[in-house]
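Engineer: Letter by letter, the sequence shown follows residues 1 to 475 in the working numbering. Ideal Cβ positions, reconstructed from N, Cα and C, are used throughout, including at glycine. These numbers come from a predicted model, not from an experiment. I have a structure I would like to understand better, so I am pasting it below and will then ask my questions one at a time.
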Amino acid sequence: MSLESDTPPPRHKPSIELTRPQRIAHRRGGTFILIAALLGVGVAAWWLMKPAPPPPAAESATEQPLPHVEPGRFTAAVTHFAGDAGNQQAQLIVNALLGVGDGRAVQFDRTIGVDDGAPVADHDTARKLLAQSGASVLIWGALSTREGEMSPDLYWTLAAELQDGGRWGRYQPPETLHLPLIGASDLADLLRLLVITQAAEFHANEGAMDDAFPAILDRVRAFAYGSRQRPGMSKRARIDVQFVLAYVLAAYGEQTQQTKLVQEAVTLYRELLAGRPADAEPLRWAMLQNNLANALWMVGEHESELPVQRANLERALAVLQSALLDVSRERTPLAWAMIESNLGIVLTSLGVRQVGPNRLEAAAAAFRDALQERTRAQVPFAFALTQTKLGDALRELGTRTKQAAVVCRAVDSHLEAWQALTAAGKPPATRVTAAADAVARDFAVMKESFPARDAENCRAVHSAGLQQLERGAAT
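Have a look at this one:
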């Protein structure tokens with residue numbers, strides 16, 4: 001099982017909900033020219049030239065239609081940037097993201113002006129374009145001259161469907177990010193790392209990780225730790241970079257089963273929480289705690305000694321309970337449901353390692369509460385994940401308490417998960433297969449632990465769903 005993870009940074013309003021990575025480099029102006037050489041794009045020192053004044057926003061009559069985006073595929077989109085003469089910088093970013101991971105990159109013939117007083121409204125505009133196109137993330141902003149140097153003011157906005165735990169409700173990805181003023185090569189690495197990680201999450205980690213990922217991660221890690229002594233970088237930029245790095249380390253460490261990377265993420269998350277400002281936005285920090293708990297859960301799952309496993313899992317439980325204090329179910333129901341579902345996952349892990357049913361019963365209750373907000377109609381993939389975890393908890397609970405009816409309810413949850421996945425657009429094959437296998441395990445447990453009539457009765461109750469599953473497996 002895998003903990004759903006909200007990986008956002010403490011929310012400074014126009015910045016990424018950090019579970020998104022951001023990278024940095026030297027001075028902001030002249031260093032941006034490095035991107036031309038690093039990306040193999042034969043662009044000369046245009047960055048050092050004084051830019052033309054920002055062009056007026058294009059009239060809708062002259063704008064090209066938004067490009068077609070393939071459904072079910074992670075797609076990064078880049079707008080024109082105000083002040084970007086000849087569209088050169090925007091095209092460099094598109095080129096940097098082409099062929100990265102399992103996603104794709106496109107450009108929108110649109111410009112979103114940066115309003116100093118209303119970044120939230122600009123993010124709303126970005127989300128509307130994402131909704132119209134079906135793209136996953138939009139990079140937008142403006143270029144300006146400050147003290148004789150070109151300075152980018154760029155933002156990252158995630159599609160609404162990928163917020164509150166993302167497509168699978170695991171790690172909280174960065175939702176809105178104000179990209180820090182950094183050198184071009186570091187910015188390119190930061191964006192590549194974000195896109196690779198989020199594309200992998202989007203596709204449920206199917207397929208191989210991009211071969212370039214480890215080298216990019218090493219460069220970003222070096223810059224992130226070096227930024228602590230970098231006098232020209234703002235505190236907010238350093239926080240964002242560390243948030244992004246922690247998000248990537250946790251997600252990549254889980255994908256590749258490298259516990260050391262996840263432990264490094266735990267250290268970064270704790271440092272960030274220790275520096276929480278008094279006026280911090282509660283939801284942003286709750287998401288950070290959620291991600292910390294996710295990392296602690298994974299460390300606990302992969303430790304070899306039972307006492308160490310339990311210690312990390314208890315820490316994860318305490319962190320999630322604290323996070324729930326900062327989240328309003330009424331105002332942010334999906335964010336609340338994500339944390340509640342993660343609470344159920346940790347309780348299940350503790351329950352299987354302890355005598356007695358109490359933790360497993362609490363886990364089932366947490367999953368049911370989460371499903372009140374995480375509905376099949378609204379978030380089918382996250383709904384399927386929570387139903388799967390509920391079924392797992394019920395199977396263990398029914399086996400331990402010798403109640404066949406509880407194990408049969410596990411069948412119901414696993415069938416619900418399978419049906420939600422198969423009805424959704426382009427579900428990952430591994431997830432569909434896993435849901436079907438879970439139903440098979442439920443009946444295997446019933447065969448081993450209960451009289452044959454209990455399994456027969458359960459099959460009769462779920463005959464329609466089981467027939468549907470059998471037909472699906474045959475196709």
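#1: Using 8 Å as the threshold, is the C-beta distance between V94 and P67 below it?
#2: Using the beta-carbon count (16 or more within 10 Å), is P428 buried or exposed?
#3: Please go through the same chain and pick out, in chain order, the residues whose beta-carbon is closer than 7 Å to the beta-carbon of S463, but skip the five residues on each side of it.
#4: When the Cα atoms are used, what is the spatial distance from A435 to H302?
#5: Quick check on the burial criterion: 16 or more other C-beta atoms within 10 angstroms. Buried or exposed for L325?
#6: Which of the three DSSP states, helix, strand or coil, is assigned to T197?
#7: Going by C-alpha distance, which of T332, M338, E416 and L292 is nearest D392?
#8: In terms of residue numbering, what span does the beta strand (DSSP E) encompassing A77 cover?
#9: Of the choices H414, V432 and A212, whose alpha-carbon is the least far from that of T422?
#10: Under three-state DSSP, which class holds A45?
#11: I need the straight-line Cα distance from L317 to F443, nearest angstrom please.
#12: So, under 8 Å CB-CB, L296 and R315 are touching, yes? Tell me the CB distance rounded to an integer number of Å.
#13: Please state the DSSP three-state secondary structure of I345.
#14: Residues in its own chain within less than 7 Å of P333 by CB, not counting five upstream and five downstream?
#15: Taking just the CA atoms, how far does A420 sit from G29?
#16: I'd like to know whether the C-beta atoms of H123 and T79 end up nearer to each other than 8 Å.
#17: Threshold first: 4 residues or longer. Then list the alpha helix (DSSP H) segments lying entirely within the region 264-351, N to C.
#18: Relative to the alpha-carbon of A323, which residue among Q257, A96, E340 and H203 has its alpha-carbon at the smallest distance?
#19: Determine contact between the region 135-142 and the region 154-164, defined as no fewer than three beta-carbon pairs at a distance below 8 Å.
#20: Would you list the residues sitting across from L177 in a DSSP beta bridge?
#21: Kindly indicate the opening and closing residues of the alpha helix (DSSP H) around D392.
#22: Give the single residue among A215, I216, R353 and Q255 whose Cα lies nearest to the Cα of E201.
#23: Assuming A362 contacts L347 (C-beta within less than 8 Å), just tell me the rounded distance between them.
#24: From M287, A370 and E396, pick the residue whose C-alpha is nearest to that of D386; which is it?
#25: Please report how far the alpha carbon of G398 lies from the alpha carbon of G356, in whole angstroms.
#26: Under 6 Å Cβ to Cβ from V319, same chain only, skipping five residues before and after it: list those, please.
#27: Please list the terminal residues of the continuous alpha helix (DSSP H) segment that includes F367.
#28: Which residues does DSSP list as the beta-bridge partners of R236?
#29: Work out the CA separation of A215 and A90 for me, nearest whole Å.
#30: Provide the residue span of the alpha helix (DSSP H) that contains A452, from first to last.
#31: Measuring CA to CA, which of A251, V248 and F243 is closest to R276?
#32: Assign K389 to one of two classes, buried (16 or more other C-beta atoms within 10 Å of its C-beta) or exposed (fewer than that).
Structural biologist: Well, looking at it:
#1: Judged by beta-carbon spacing, P67 lies beyond the 8 Å limit of V94, meaning their Cβ atoms are not closer than that value.
#2: P428 is buried by the Cβ-count criterion.
#3: So the list is empty, once near-sequence residues are dropped.
#4: A direct Cα-Cα distance of roughly 23 Å separates A435 from H302.
#5: If you draw a 10 Å sphere on the C-beta of L325, you find fewer than 16 other C-beta atoms in it, and that means exposed.
#6: Reduced to three states, the DSSP call for T197 is helix.
#7: For D392, the nearest C-alpha among the options comes from E416.
#8: For A77, the enclosing beta strand (DSSP E) stretches over residues T75 to H80.
#9: The residue with the shortest Cα to Cα distance from T422 is V432.
#10: The predicted model places A45 with a pLDDT of 27, which falls under 50 and marks its position as unreliable; any figure quoted below should be read in that light. In the structure shown, A45 falls within a helical segment according to DSSP collapsed to helix, strand and coil.
#11: Near 31 Å, if we compare the C-alpha coordinates of F443 and L317.
#12: L296 to R315, Cβ: 5 Å. Contact.
#13: In the displayed model, I345 falls within a helix according to three-state DSSP.
#14: Counting only Cβ-Cβ distances below 7 Å, and skipping sequence neighbours, we find E373.
#15: Confidence at G29 is low in this model, with a pLDDT of 35, below 50, so its placement is unreliable and no value can be given for it.
#16: Going by beta carbons, H123 and T79 fall outside the 8 Å limit.
#17: Counting only runs of at least 4 residues, the region 264-351 fully encloses the following alpha helix (DSSP H) elements, listed from N- to C-terminal order: 282-302 and 306-325.
#18: When only C-alpha atoms are compared, the closest one is E340.
#19: Because the criterion of three Cβ pairs below 8 Å is met, the region 135-142 and the region 154-164 touch.
#20: In DSSP, L177 forms a bridge with W156.
#21: Per DSSP, the continuous alpha helix (DSSP H) segment holding D392 begins and ends at P380 to T401.
#22: Q255 is the residue among A215, I216, R353 and Q255 whose C-alpha sits nearest the C-alpha of E201.
#23: Approximately 5 Å separates the beta-carbon atoms of A362 and L347; this is inside 8 Å, confirming the contact.
#24: First, the residue type needs correcting, since residue 386 is Thr and not Asp in the sequence shown. Measuring from the Cα of T386, the nearest candidate turns out to be A370.
#25: Rounded to whole angstroms, G398 to G356 spans 12 Å at the Cα level.
#26: Here the set comprises Q289, L292 and A293.
#27: Residues N358 to E373.
#28: Paired residues: none, contrary to the question.
#29: Across the structure, A90 and A215 are spaced so that their CA atoms are roughly 24 Å apart.
#30: A452 to V461 is the extent of the alpha helix (DSSP H) around A452.
#31: Closest option to R276, judged by alpha-carbon separation, among A251, V248 and F243: F243.
#32: Buried is the call here.
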